[in-house]
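*Asks:* Sharing a structure here in structure tokens format.
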Amino acid sequence: MDLQKFLNIQIYLYSKSDRMEKSDMKFKYRDELDKLQWLAQTSSYRCGQSNDLKCPGASDHFWNMFDIKRDINGAGSKKRRRQTIVCVNCRRRKTKCDKGKPCGACIKLGIQDTCRYVPELGAHLRQKDLPDLAAMVPHYESTYINLRPLGFPVYRKRSGTCYVPPLTAGAAVQRDIYLRVLQSVCSIPRSAIDKAQKRNDEAAAGECSIICASNKDLKHEPTDSPINNLPNSLRHIEKLELEAVDLEGSLASKHKQTCKHLFEKFGISRKNRTRSWGGAKLPLELMPEADLFFHHVWPFFVEYVSSLCPLFDLEGLKAKLDIFYRKDEQKKYGVDDYASFCILLLITRIVQISINLAKPADISTYSKIKNIETEHYIPVVNHYIFHGENARKCSLLRLQSMLLLRFYQWCAPDDGDGECLQQSSMLMGMIVSGSYGIGIGWQCVTQAELFILDRPPWCYSDSSQTFEDIKEYQRVWSVILHWDRKLSLLTGLPCLINTTKRIDKDMHNNLPSVTLKHDYLLEKIARTISNNTEEVDYDSIKKLSEHLRQILRNDVMENRWSLVLEFEMNIVLLLLELSFNHARVVNCETTQCFEEYQDCMQALVEKLIQVANLCEHLLEDQEYLAFARFYTNRIVELALRTVVTIIPSVILRSGRSAEAGLKTTLMKFYKAVLSAYFNNLGTDYYQAFRRMFSSKILYKTLSSLNEKDPFETILEYFTQTTEKGEHMAEPRSIEIRRFRDLYDQKGGNTRPSEVWDDSLGINKNFFSFEIDIENLSKFFPFTSEQSENKYDIFASFFTKVSTAFLKKVKTLPSASLPDSPHNILDNFDYRLLDFGENNPYDPLMFLSFFEPTG
Numbered sequence: 001m002d003l004q005k006f007l008n009i010q011i012y013l014y015s016k017s018d019r020m021e022k023s024d025m026k027f028k029y030r031d032e033l034d035k036l037q038w039l040a041q042t043s044s045y046r047c048g049q050s051n052d053l054k055c056p057g058a059s060d061h062f063w064n065m066f067d068i069k070r071d072i073n074g075a076g077s078k079k080r081r082r083q084t085i086v087c088v089n090c091r092r093r094k095t096k097c098d099k100g101k102p103c104g105a106c107i108k109l110g111i112q113d114t115c116r117y118v119p120e121l122g123a124h125l126r127q128k129d130l131p132d133l134a135a136m137v138p139h140y141e142s143t144y145i146n147l148r149p150l151g152f153p154v155y156r157k158r159s160g161t162c163y164v165p166p167l168t169a170g171a172a173v174q175r176d177i178y179l180r181v182l183q184s185v186c187s188i189p190r191s192a193i194d195k196a197q198k199r200n201d202e203a204a205a206g207e208c209s210i211i212c213a214s215n216k217d218l219k220h221e222p223t224d225s226p227i228n229n230l231p232n233s234l235r236h237i238e239k240l241e242l243e244a245v246d247l248e249g250s251l252a253s254k255h256k257q258t259c260k261h262l263f264e265k266f267g268i269s270r271k272n273r274t275r276s277w278g279g280a281k282l283p284l285e286l287m288p289e290a291d292l293f294f295h296h297v298w299p300f301f302v303e304y305v306s307s308l309c310p311l312f313d314l315e316g317l318k319a320k321l322d323i324f325y326r327k328d329e330q331k332k333y334g335v336d337d338y339a340s341f342c343i344l345l346l347i348t349r350i351v352q353i354s355i356n357l358a359k360p361a362d363i364s365t366y367s368k369i370k371n372i373e374t375e376h377y378i379p380v381v382n383h384y385i386f387h388g389e390n391a392r393k394c395s396l397l398r399l400q401s402m403l404l405l406r407f408y409q410w411c412a413p414d415d416g417d418g419e420c421l422q423q424s425s426m427l428m429g430m431i432v433s434g435s436y437g438i439g440i441g442w443q444c445v446t447q448a449e450l451f452i453l454d455r456p457p458w459c460y461s462d463s464s465q466t467f468e469d470i471k472e473y474q475r476v477w478s479v480i481l482h483w484d485r486k487l488s489l490l491t492g493l494p495c496l497i498n499t500t501k502r503i504d505k506d507m508h509n510n511l512p513s514v515t516l517k518h519d520y521l522l523e524k525i526a527r528t529i530s531n532n533t534e535e536v537d538y539d540s541i542k543k544l545s546e547h548l549r550q551i552l553r554n555d556v557m558e559n560r561w562s563l564v565l566e567f568e569m570n571i572v573l574l575l576l577e578l579s580f581n582h583a584r585v586v587n588c589e590t591t592q593c594f595e596e597y598q599d600c601m602q603a604l605v606e607k608l609i610q611v612a613n614l615c616e617h618l619l620e621d622q623e624y625l626a627f628a629r630f631y632t633n634r635i636v637e638l639a640l641r642t643v644v645t646i647i648p649s650v651i652l653r654s655g656r657s658a659e660a661g662l663k664t665t666l667m668k669f670y671k672a673v674l675s676a677y678f679n680n681l682g683t684d685y686y687q688a689f690r691r692m693f694s695s696k697i698l699y700k701t702l703s704s705l706n707e708k709d710p711f712e713t714i715l716e717y718f719t720q721t722t723e724k725g726e727h728m729a730e731p732r733s734i735e736i737r738r739f740r741d742l743y744d745q746k747g748g749n750t751r752p753s754e755v756w757d758d759s760l761g762i763n764k765n766f767f768s769f770e771i772d773i774e775n776l777s778k779f780f781p782f783t784s785e786q787s788e789n790k791y792d793i794f795a796s797f798f799t800k801v802s803t804a805f806l807k808k809v810k811t812l813p814s815a816s817l818p819d820s821p822h823n824i825l826d827n828f829d830y831r832l833l834d835f836g837e838n839n840p841y842d843p844l845m846f847l848s849f850f851e852p853t854g
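Heads up: the sequence shown is residues 1 to 854, going by full-length UniProt numbering.
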């Protein structure tokens with residue numbers, strides 16, 4: 001038998017052998033095949049070419065039988081070559097191999113020493129691996145933004161301690177060197193304020209005695225004056241203008257009424273806010289009459305307010321309030337009774353605020369509601385929610401009363417949050433803890449079928465009542481999530497609820513609120529920001545925000561969500577994008593990334609215009625949003641505050657642009673936004689009015705700067721010296737000190753703007769930009785020109801405000817001193833504020849609040 005025939009028989013027998021692990025024949029056949037495969041892979045081996053192996057009678061046909069599969073007609077095809085994926089032992093034993101070295105099967109049998117892998121068959125014939133397709137696709141790295149380039153600022157005052165969140169207007173100033181420098185030249189030294197206050201107190205006391213002597217009807221009672229109720233932050237004093245001038249009648253009358261309104265409103269509201277309630281007995285006399293509440297207040301609440309805070313089953317709440325009205329006063333009040341009382345007062349107060357801010361044409365229709373005395377409501381509500389034994393227990397109705405108070409704090413003109421929203425944060429912490437305590441959480445949404453209403457055996461319980469309780473739980477949970485996510489996106493602080501769920505599509509129609517559907521997106525955005533504010537993925541935030549805004553638009557088009565809430569969340573997301581665009585501009589300068597600088601500046605200005613336009617729509621909609629203005633005004637105030645904070649950063653950088661008239665055009669935009677801000681919100685919101693003084697200083701400072709390079713004027717101010725050879729200003733900024741040292745080293749012969757760029761390591765030619773301001777100005781909001789006879793609050797108050805920089809700027813080489821139009825209210829006689837015996841206002845004391853040092 002020749003060798004070829006022998007091998008064919010061996011291979012055939014092996015292929016037909018059984019799979020018994022102890023078959024000697026199997027091992028024999030397998031050894032033979034291993035040898036043959038090893039011989040076949042040795043490409044250099046052929047008969048007569050190797051002295052180590054003797055193969056008499058073997059031919060090329062013998063070797064080709066391993067490479068060729070032949071059919072009956074003798075035609076052949078190349079054999080498929082599979083990689084060796086098992087070790088020798090597992091292949092011999094026909095067992096599964098995990099491809100380890102050694103493999104698990106060999107270790108189990110104790111033969112790991114012989115576990116090896118033979119060279120692959122025809123390895124030399126294998127094709128080269130194809131290149132990775134992913135490597136052929138261009139790779140774009142994400143842009144990471146540092147929202148905290150100078151660390152984590154914590155401000156401490158006598159009134160409290162405040163951490164500045166990374167997405168607020170204060171954080172924008174803190175991270176931008178240009179805004180920090182601008183703030184430093186706009187501040188008034190404390191010593192100057194103290195001297196001016198002392199000087200004008202003496203003058204006011206002397207002149208007041210003269211006026212009181214000549215006017216017997218003017219009663220001056222310092223102890224009862226509203227001056228004692230106003231905060232120290234408004235005590236900017238100016239020398240009185242005793243000479244009266246002829247004023248246009250309607251304008252003077254308007255200014256007079258505005259002063260009276262401001263003095264009366266802020267003084268009384270400050271007094272009421274600091275008032276506490278110490279009564280032990282429930283003050284039922286404060287409640288409006290039942291007929292007045294259920295026939296006037298309640299219908300207004302259901303129609304205009306309830307959709308903005310969907311907390312309650314309205315029919316169930318009405319029944320509970322009706323029971324509370326009819327409750328015997330002699331019986332003991334429980335937790336839900338106190339909660340019903342607080343809800344009743346809060347609803348009345350909120351409805352009254354909605355009517356006051358909407359200013360409807362038919363105001364007489366709501367005269368009964370406006371005449372309700374509500375000034376003591378909030379101190380009473382705070383007392384019965386946070387004090388006494390009520391704080392020891394929680395119930396669903398009490399949790400709802402806390403959420404309604406949180407809703408009121410957001411909307412209230414006088415009792416609202418500050419810039420950092422600390423009041424909301426502290427109250428939300430109590431609300432979230434209380435919700436967990438009574439079983440409200442994601443489980444009542446995703447596992448409602450497992451929700452068990454546990455009642456005592458003697459109480460009747462049915463499935464319908466359990467179902468209603470679950471719906472109430474879900475409704476409350478959706479409102480809690482909405483406020484928690486919104487607060488986090490506005491401030492950049494971590495969410496109090498750090499878990500989320502992706503709701504299945506088949507459950508969307510049964511959700512109590514559409515916010516649950518996209519909560520996972522809101523939570524992801526908030527978590528991405530708060531996890532590491534020093535390295536936030538800008539591209540990821542931008543994509544998520546745009547995607548979420550598109551989902552919200554679709555929900556409104558399908559009538560799944562309130563238009564007012566959609567407007568609010570849209571502004572929240574736009575403010576988020578605005579903060580990131582501003583931080584991106586700063587990031588380009590600090591990291592010397594000049595390639596993206598042009599796009600960053602363009603995107604920043606476009607976002608400023610977009611936010612301002614949406615605010616204009618919310619302020620001027622007199623039809624659909626009229627009675628919701630009390631709610632939308634809050635987010636508009638936050639948005640406009642951020643816009644007026646960031647616009648100066650673009651103005652100060654306008655020297656890097658070659659566009660003609662860029663600074664002038666931006667100043668018009670800045671003035672229009674400031675006027676709209678204070679005209680719409682300044683007389684109703686204390687937090688807005690108190691910013692008018694600093695905003696007026698900022699505007700006057702920017703107006704006096706150079707047209708071509710505004711920031712150079714500020715730099716010239718820091719290079720000025722006194723007669724003693726000392727510098728005029730001692731800035732706290734490290735960058736300004738570095739600039740001044742470098743300027744002194746160069747002998748003062750170089751332009752300050754060039755020295756500034758050198759101190760920051762910036763090449764002005766690389767960091768130039770053009771934003772096409774001519775076309776963008778067509779989309780500026782609030783462009784209606786102020787006529788001379790139209791009253792403008794921003795232009796009327798603090799007309800003679802001044803700082804050390806404004807006094808010195810007239811002597812600076814590059815200063816721009818435009819001819820400001822004459823303001824007929826410059827010399828307004830504030831003695832006109834005497835409103836008679838029934839209104840004993842001291843005009844001199846009033847002026848000491850509203851006219852700062854000149």
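Where a beta carbon is used, it is the ideal one built from N, C-alpha and C, also for glycine.
Quick caveat, the model's predicted, so the values are computed rather than measured.
1) Which residue wins for smallest C-alpha separation from residue 652, given the options 380, 339, 703, 354?
2) Determine the burial state of residue 107: buried for a count of at least 16 other Cβ atoms within 10 Å of its Cβ, exposed for fewer.
3) Excluding sequence positions up to five away, which residues of its chain have a Cβ less than 6 Å from the Cβ of residue 98?
4) Suppose you measure from the CA of residue 555 to the CA of residue 561; what does that come to, to the nearest Å?
5) Do three or more CB pairs link the stretch 639-658 to the stretch 672-682 at distances below 8 Å?
6) Where does the unbroken alpha helix (DSSP H) through residue 502 begin, and where does it stop?
7) Quick one: any contact between the stretch 301-310 and the stretch 331-351, if contact means 3 or more CB pairs under 8 Å?
8) For the 8 Å Cβ check, are there 3 or more pairs between the stretch 577-589 and the stretch 172-191?
9) How would you call residue 285, buried or exposed, if buried means at least 16 neighbouring beta carbons within 10 angstroms?
10) Mapping the DSSP letters down to three states, classify residue 684 as helix, strand or coil.
11) Answer with buried or exposed for residue 178, where buried requires no fewer than 16 other C-beta atoms within 10 angstroms of its C-beta.
12) If you follow the alpha helix (DSSP H) that residue 93 is part of, which residue opens it and which one closes it?
13) With residue 782 and residue 603 assumed to form a contact (beta carbons below 8 Å), what rounded beta-carbon distance in angstroms separates them?
14) Three Cβ pairs or more, each shorter than 8 Å: is that satisfied between the stretch 429-445 and the stretch 372-380?
15) Which residue or residues does DSSP assign as beta-bridge partners of residue 537?
16) Can you list, in chain order, the residues of its chain whose CB lies under 8 Å from that of residue 527, leaving out five sequence neighbours each side?
17) Can you pull the DSSP bridge partners for residue 411?
18) Among the residues of its own chain, which have a CB less than 8 Å from the CB of residue 320, if the five just before and after it don't count?
19) Compute the Euclidean distance between the alpha carbons of residue 158 and residue 690, then round it to the nearest angstrom.
20) Whose C-alpha, out of 503, 513, 646, is nearest the C-alpha of residue 167?
21) Pull up the distance between the alpha-carbon of residue 738 and that of residue 715, whole angstroms please.
22) Residue 117: which of 111, 101, 810 sits nearest, CA to CA?
23) Count the other C-beta atoms from every protein chain shown that fall within 10 angstroms of the C-beta of residue 384, then say buried if there are 16 or more, exposed otherwise.
24) Quick check: the Cα distance between residue 790 and residue 796, rounded to an integer number of angstroms?
25) Measure from the alpha carbon of residue 616 to the alpha carbon of each residue in 151, 305, 567, then state which is nearest.
26) From residue 191 to residue 164, what does the alpha carbon distance come to, in whole angstroms?
27) Across which residues does DSSP place residue 161 in a beta bridge pair?
28) Could you say if the stretch 628-638 and the stretch 799-809 meet the contact criterion of at least three C-beta pairs nearer than 8 Å?
29) Please go through the stretch 534-584 and give each complete alpha helix (DSSP H) segment of 4 or more residues, from N-terminal end onward.
30) Is the Cβ-Cβ distance between residue 181 and residue 736 less than 8 Å?
31) Quick check: the stretch 312-326 against the stretch 363-375, are there 3 or more CB pairs under 8 Å?
32) Kindly indicate which residue of 759, 794, 439, 628 has the alpha-carbon position closest to the one of residue 469.
33) So, is residue 811 buried or exposed, given that buried needs 16 or more other C-beta atoms within 10 angstroms?
34) Assign residue 404 to one of two classes, buried (16 or more other C-beta atoms within 10 Å of its C-beta) or exposed (fewer than that).
35) Under 6 Å Cβ to Cβ from residue 296, same chain only, skipping five residues before and after it: list those, please.
36) Could you give the residue range of the alpha helix (DSSP H) that holds residue 653?
*Replies:* Reading from the atomic positions:
1) 703
2) exposed
3) 104
4) 6 Å
5) yes
6) Taken as a continuous stretch (DSSP letters only), residue 502 belongs to no alpha helix (DSSP H), as it is neither H nor E.
7) yes
8) yes
9) exposed
10) coil
11) buried
12) 88-93
13) Not confirmed; about 22 Å, so no contact.
14) no
15) 144
16) 494, 495, 498
17) In DSSP, residue 411 forms no bridge with anything.
18) 336, 340, 397
19) 19 Å
20) 646
21) 12 Å
22) 101
23) buried
24) 11 Å
25) 567
26) With a pLDDT of only 47 at residue 191, under the threshold of 50, the placement of this residue in the model should not be trusted; the figure read from the coordinates follows. Each residue's Cα considered, the two are about 26 Å apart.
27) 156
28) no
29) 538-557
30) yes
31) no
32) 439
33) exposed
34) buried
35) 368, 369
36) It is not in any alpha helix (DSSP H) - residue 653 carries neither H nor E in the DSSP assignment.
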